[in-house]
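Below is one structure, written out as structure tokens; the observations come after it.
In my numbering, the protein residues as written are 3 to 85.
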């Protein structure tokens, strides 16, 4: 079946690999944030952007994910004091 027969292009979905790459990148970014929190290193958007090139809203979303996970280091809640 061609475009000429139906006068429209066939719909296409994104390849599964693209969706998986996005979720892998999200996990990597969250792991990076957790590592910085655990080592008590500063967690700032400037550092995040230099490392991953992601926009600020993605950074804020990743911080929210870490906070929602409620991960503790001793008695300290990780992600509670972003600098």
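All C-beta atoms, glycine included, are put in the ideal place defined by N, C-alpha and C. The structure displayed is predicted, hence computed values, not measured ones.
Whole-angstrom distance between residue j and residue i, CA atom to CA atom
| i | j | result |
| --- | --- | --- |
| residue 71 | residue 51 | 22 Å |
| residue 28 | residue 60 | 9 Å |
| residue 53 | residue 77 | 29 Å |
Sequence-distant residues of the same chain with beta carbon closer than 8 Å to residue i, five excluded per side
| i | result |
| --- | --- |
| residue 33 | none |
Proximity of residue i and residue j at Cβ, strictly below 8 Å
| i | j | result |
| --- | --- | --- |
| residue 79 | residue 40 | no |
| residue 31 | residue 64 | yes |
Candidates the options, of which the one nearest residue i by Cα
| i | options | result |
| --- | --- | --- |
| residue 75 | 55, 30, 27 and 38 | 38 |
| residue 58 | 73, 46 and 36 | 46 |
Contacts around residue i, its chain only, beta-carbon distance under 6 Å, and the 5 residues preceding and following it disregarded
| i | result |
| --- | --- |
| residue 73 | 80 |
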